[in-house]
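Step one of this worksheet: look at the structure below.
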Amino acid sequence: MPEAPKVPAQYHCAMVTGATSGIGKAVVLALRDAGLQVIAVGRSPTALAELASKQGVEVVQADVRDTEAFAAVLARYPVDVLVNNAGVLSTRAAFQEMAPSEIDNMFDINLKAPLHLTRQVVPRMIARGYGHLFFIGSSAGRAPHPGAAVYGASKAGISLFCDALRCDLLGSGVRVTEIAPGRVQTQLYKTAMGMQAAGAELYDGYESIMPEDIATLLLAALSLPQQVDVSRLEVFPTAQAVGGGRMVKTCV
Ligand SMILES: NC(=O)c1ccc[n+]([C@@H]2O[C@H](COP(=O)([O-])OP(=O)(O)OC[C@H]3O[C@@H](n4cnc5c(N)ncnc54)[C@H](OP(=O)(O)O)[C@@H]3O)[C@@H](O)[C@H]2O)c1
Numbered sequence: 001m002p003e004a005p006k007v008p009a010q011y012h013c014a015m016v017t018g019a020t021s022g023i024g025k026a027v028v029l030a031l032r033d034a035g036l037q038v039i040a041v042g043r044s045p046t047a048l049a050e051l052a053s054k055q056g057v058e059v060v061q062a063d064v065r066d067t068e069a070f071a072a073v074l075a076r077y078p079v080d081v082l083v084n085n086a087g088v089l090s091t092r093a094a095f096q097e098m099a100p101s102e103i104d105n106m107f108d109i110n111l112k113a114p115l116h117l118t119r120q121v122v123p124r125m126i127a128r129g130y131g132h133l134f135f136i137g138s139s140a141g142r143a144p145h146p147g148a149a150v151y152g153a154s155k156a157g158i159s160l161f162c163d164a165l166r167c168d169l170l171g172s173g174v175r176v177t178e179i180a181p182g183r184v185q186t187q188l189y190k191t192a193m194g195m196q197a198a199g200a201e202l203y204d205g206y207e208s209i210m211p212e213d214i215a216t217l218l219l220a221a222l223s224l225p226q227q228v229d230v231s232r233l234e235v236f237p238t239a240q241a242v243g244g245g246r247m248v249k250t251c252v
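Under my numbering, the residue at position 66 of the sequence shown is numbered 66, and the numbers go up by one with no gaps.
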């Protein structure tokens, strides 16, 4: 077995949002196994209770939109590593058919919440002279996908935010990494289409990326020497490519 990469010694405490399933849960366990104390943020009491039973994991039950809820937690824990992972794809409807409330829902959770949490965390990282901010973006934020106009726009916002944030943080010692995956086998489509349909349409017969693969990538970026900042990791299943276009004839 190859040895797991070693996280630089100054990183002690990580906070992970959307920790109750998929990528977030895998990241919590990988960081915990790497020796960090991990604050796992999520909503599902059952999933949080399971995580709480693991040594080195503290759980916080909170909705990421509830900015106020984090002040007390952050006062208690010096967060060196923040993983902004919680996200939703609440509908796959075409933009012209989606409920207007879905626009706010996806923007509030996927874009606004990570920005607000980062705003709360980053001053103390700057004061310490180091820190690592991770954002889970998406291939849908880097190329168009049908039925993902709003989801994609929220993730494109994350992507440009990461680039601009790196400019603002230059010289602070705080690293910023966006991880933009293609299809990962998780519960992401549970609301938009139900897990049975998601299995049949998206996962069965395909070899997707698994959440643990994303955790491995994140740990690799975190483990590089402090002077190395992996700004963006785009990762696809070997069996997935994005591109091409569609045209329809004008009806006269
Ligand atoms: N799966 C993919 O193919 C894929 C590809 C590219 C990017 N991503 C991104 O990867 C990230 C993780 O998603 P996943 O694929 O691991 O899906 P997942 O299994 O559905 O996990 C999403 C996590 O986010 C949490 N969450 C959602 N809304 C929340 C809120 N308001 N407050 C707190 N937690 C909230 C969920 O908790 P609840 O169960 O409480 O809702 C869940 O723990 C997302 O940002 C997603 O956009 C996924």
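Glycine is no exception: its CB is placed at the ideal position from the N, C-alpha and C atoms. Every value quoted in this text rests on a predicted model; they were computed, and no experiment measured them.
Looking at leucine 219 and alanine 30, is the spacing between their C-beta atoms short of 8 Å?
A contact, by the Cβ cut-off of 8 Å.
Suppose the cutoff is 7 Å on Cβ atoms and the five residues either side in sequence are ignored; what does the same chain contact list for leucine 224 look like?
Val230.
Between which two residues does the beta strand (DSSP E) harbouring glutamine 37 extend?
Looking at the DSSP string, the run of the beta strand (DSSP E) that includes glutamine 37 is 37 to 42.
So what's histidine 293 in DSSP terms, helix, strand or just coil?
The structure shown does not extend to residue 293, since the chain is modelled only from 1 through 252, so no value can be given for it.
Identify, in the order they occur along the chain, each residue of the same chain with its Cβ nearer than 7 Å to the Cβ of threonine 118, setting aside the five sequence neighbours on each side.
Correct list, in chain order: Leu82, Asn84 and Leu133.
Could you compute how far the alpha carbon of leucine 51 sits from the alpha carbon of serine 101?
Those two C-alpha atoms are separated by around 32 Å.
Hey, quick one: how far does the alpha helix (DSSP H) through glycine 152 stretch, first residue to last?
Counting along the chain, the alpha helix (DSSP H) containing glycine 152 begins and ends at 149 to 168.
DSSP three-state call for methionine 210: helix, strand or coil?
Coil, per DSSP.
Is it right to say tyrosine 206 is buried, meaning 16 or more other beta carbons lie within 10 angstroms of its own, or is it exposed?
That one is exposed.
Any heavy atom of ligand 1 within a distance shorter than 7 Å of the CB on aspartate 63?
Yes.
Taking three-plus beta-carbon pairs below 8 Å as touching, is the segment 105 to 112 in contact with the segment 69 to 78?
Contact fails: fewer than three Cβ-Cβ distances are below 8 Å.
For a quick check, are the C-beta atoms of proline 5 and glutamine 226 less than 8 Å apart?
Going by C-beta atoms, proline 5 is not nearer than 8 Å to glutamine 226.
Could you name the residues that DSSP lists as bridge partners for glutamine 61?
In DSSP, glutamine 61 forms a bridge with Gly42.
Extract the residue ranges of the beta strand (DSSP E) inside the segment 61 to 147, only unbroken runs of 3 or more that lie entirely within it.
Runs found: 81 to 84 and 131 to 136.
When the Cα atoms are used, what is the spatial distance from glutamate 212 to lysine 155?
Roughly 21 Å between the two C-alpha positions.
With DSSP run on the structure shown, which of helix, strand or coil describes leucine 256?
Residue 256 lies beyond the range of the chain shown here (1 to 252); nothing can be said about it.
Buried or exposed: where does valine 16 fall if 16 or more other Cβ atoms within 10 Å of its Cβ makes it buried?
Buried, by the Cβ-count rule.
Check arginine 232 in the structure and name its three-state DSSP category.
Strand.
Cα separation between alanine 149 and phenylalanine 95?
The alpha-carbon atoms of alanine 149 and phenylalanine 95 are separated by roughly 6 Å.
Considering only the beta carbon of each residue, do leucine 233 and alanine 241 sit closer than 8 Å?
For leucine 233 and alanine 241, no; Cβs fall outside 8 Å.
Closer than 6 Å by C-beta to alanine 69: which residues in its own chain qualify, once you throw out the five before and the five after it? Chain order, please.
Correct list, in chain order: Ala62.
Taking the alpha-carbon positions, what's the valine 88 to aspartate 163 distance?
C-alpha separation (whole angstroms): 22 Å.
Let me know if glycine 42 comes out buried or exposed under the rule of 16 or more other beta-carbons within 10 Å of its beta-carbon.
Buried, by the Cβ-count rule.
Taking C-alpha atoms, which residue in Glu178, Gly131 and Cys167 lies nearest to serine 138?
Measuring from the Cα of serine 138, the nearest candidate turns out to be Glu178.
Rounded to the nearest angstrom, what separates alanine 180 and alanine 143 at their Cα positions?
Answer to the nearest angstrom: the Cα atoms are 11 Å apart.
Taking a contact to mean a Cβ-Cβ separation below 8 Å, would you say valine 73 touches glycine 131 in this structure?
Not a contact, by the Cβ cut-off of 8 Å.
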